[in-house]
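See below for the structure under consideration.
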Amino acid sequence: MTVESQRKSGELSIPVMRMLRDARINLVWEGTSEILRIWMAREALSPYIEQGLAFLQGSPSGKIAAPLYYARMALRSYLHCSNPLSTSAMFGNDYARWVRFIESSSRSLTRSTLVTTLRSRQGLHNKQLLLQDLVNDSLALFPMAAVIWYASQPEMRTKPGIPELATYFCQEMEGRLHPPPSSAKRIRRHRKDTNVYHLSKAIMSGEYAWLEEGIVPLLEKELPGA
């Protein structure tokens, strides 16, 4: 269903398909979740694999450089990227917790990738389920970072309800990265239903109408006789 087909059939021409595509964060690249998954896998894992191959099959200089690369990445995975004061100043107190979570989870993911690469070596390409888990973790951290950055921009901080919406999204991603281990904890986790209810009411009441800016035209502008 496109704007042109709606217009030809006499319907109100609302770019529904465009709205749905724009709602997918990965439209920035190729347009499908699988393409984004491949991109994350290639960009995130390729350097580790290349250095591993250089150590096993490369030139003498490559065999020397590879351990230095792994040592540098291992060191970075244990170092904090920022201090709480600079984080709060850059992103605001509302998102400081999530910035720390993204940083610590990214360091943990780096360590897991290093261990996986060193342990599996040439057989890494056969560990597709393991690689999928690593990529899935990156696919949770990436949109979290994008949402926090977007919500912390000066022009966005004044938008009504944006801290609550960003926090809810990050809580969802946190649940995917660290699912509750027991049924009791899963039940407690679903106490967020109250937050979802309030967010839903706010969305339906028009508090988040600013999310539609640039995507869906205001209906009253196109309604006959408006």
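Residue numbers for the sequence shown, in the working numbering: 750 to 975. Even glycine gets a Cβ: it sits at the ideal position worked out from N, Cα and C.
In whole angstroms, give me the CA-to-CA distance for residue i and residue j.
i	j	result
T866	G801	7 Å
E962	E792	32 Å
A915	A894	10 Å
I798	V884	14 Å
I897	V848	8 Å
A814	L805	12 Å
A823	V864	10 Å
D942	E760	36 Å
S754	G811	58 Å
Grab me the residues of residue i's own chain with a C-beta within less than 6 Å of its C-beta, minus the 5 sequence neighbours each way, in chain order.
i	result
R925	A889
P912	D843
L858	D886
C919	W847, M893
For residue i, which three-state DSSP category applies?
i	result
P930	coil
S808	coil
K876	coil
S949	helix
E792	helix
E753	helix
N885	helix
D843	coil
S854	helix
Y827	coil
G955	coil
Starting from the C-beta of residue i, find all residues in its chain whose C-beta is less than 8 Å away, skip the five residues before and the five after it, and write them out in chain order.
i	result
P796	Y818
E921	none
Which same chain residues, not among the five before or five after residue i, have their C-beta less than 7 Å away from its C-beta?
i	result
S949	none
P909	E956
S869	K876
F840	V848, I897, S901
F850	E923
Any heavy atom of the ligand FMN within a distance shorter than 8 Å of the CB on residue i?
i	result
L880	Here there are no bound small molecules, and the ligand FMN is not part of this structure.
Whole alpha helix (DSSP H) elements within the segment 888 to 928, 4-residue minimum: 903 to 906, 911 to 926
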